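Report on one structure; see the data block that follows.
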Amino acid sequence: MLYRALHLEPEEKVVLEVRKHWIVFFGQAIVLLFVAILPTLILVLVKKFVPGLLQAGFLENKSAVFIFLYTLWILFLWISFFVEWTKYYLDVWYVTEKRIIIIDQKNLFHREVSNLRFNKIQDVTLEVQGFISTLLKFGNIRVQTASEDSKEFNMTSVRHPEEVRRIIFGHQNKINGHGHPDHL
10 MLYRALHLEP
20 EEKVVLEVRK
30 HWIVFFGQAI
40 VLLFVAILPT
50 LILVLVKKFV
60 PGLLQAGFLE
70 NKSAVFIFLY
80 TLWILFLWIS
90 FFVEWTKYYL
100 DVWYVTEKRI
110 IIIDQKNLFH
120 REVSNLRFNK
130 IQDVTLEVQG
140 FISTLLKFGN
150 IRVQTASEDS
160 KEFNMTSVRH
170 PEEVRRIIFG
180 HQNKINGHGH
190 PDHL
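Residues in the sequence shown are numbered from 10 upward in steps of one, following the working numbering.
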């Protein structure tokens with residue numbers, strides 16, 4: 010857990026770490042894998058259906074050029090894979106006893122960190138769409154603030170969104186004096 014690097018207030022503890030569901034990264038990895046084999050697939054199809062194109066003589070050492078370009082392609086995809094992994098792993102919400110700390114990893118070198126106190130929360134909405142989302146228990150969470158510069162904080166494809174919403178409401182009620190969070 011990365012929350013040890015957060016600047017928590019005295020006596021403040023992390024109650025819940027909210028991350029995206031693993032299926033999000035898995036889907037991106039499958040797409041990258043398909044894109045990785047695409048040049049080889051295209052080469053095989055060209056050899057089969059248009060054999061004269063590769064024997065036109067415009068390149069003396071076609072296999073060396075293909076291997077070089079394919080290696081560059083794989084390197085680019087490998088870097089893309091790690092950028093996506095970094096965004097997936099570092100995009101996280103920490104629910105503490107007093108607030109929600111939202112770390113939104115926009116890109117490799119672009120991160121936004123926001124704090125949202127429970128007494129500023131106006132609404133927490135969850136959305137679970139489709140068969141796969143229902144089966145794997147993931148969905149979207151939207152938290153709206155009740156300040157004059159009303160903001161929305163969104164996290165897509167969250168694991169167990171109902172539990173996240175229940176915990177947020179429970180701690181919000183505790184802060185606002187409406188009961189203990191465990192009894193909700």
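Just so you know, even glycine gets a beta-carbon here, dropped at the ideal spot from N, CA and C.
For clarity, every value in this text was computed on a predicted model and none was experimentally measured.
Please classify residue i as buried or exposed, where buried requires at least 16 neighbouring CB atoms within 10 angstroms.
i: H192; result: Here the model assigns H192 a pLDDT of 48, short of 50, so the residue's position is not dependable, and the following value carries that caveat. H192 is exposed by the Cβ-count criterion.
i: S72; result: exposed
i: H16; result: exposed
i: G148; result: buried
i: D158; result: exposed
List the residues that DSSP assigns as beta-bridge partners of residue i.
i: K29; result: V167
i: R152; result: According to the sequence provided, residue 152 is Val. The question's Arg does not apply to it. Its beta-bridge partners are V133, F162.
i: E121; result: D113
Relative to the C-alpha of residue i, which candidate in the options has its C-alpha closest?
i: V53; options: F75, Q181, I83; result: F75
i: W31; options: Y97, W102, F162, R126; result: Y97
i: F178; options: L17, L86, K107, T95; result: K107
i: Q138; options: S156, S123, P170, I111; result: P170
i: N116; options: S89, D132, R126; result: S89
Using DSSP with H/G/I as helix, E/B as strand and the rest coil, what is residue i?
i: V173; result: helix
i: K107; result: coil
i: N116; result: strand
i: V40; result: helix
i: N194; result: One cannot answer for residue 194 here, as it falls past the ends of the chain, which runs 10 to 193.
i: V101; result: strand
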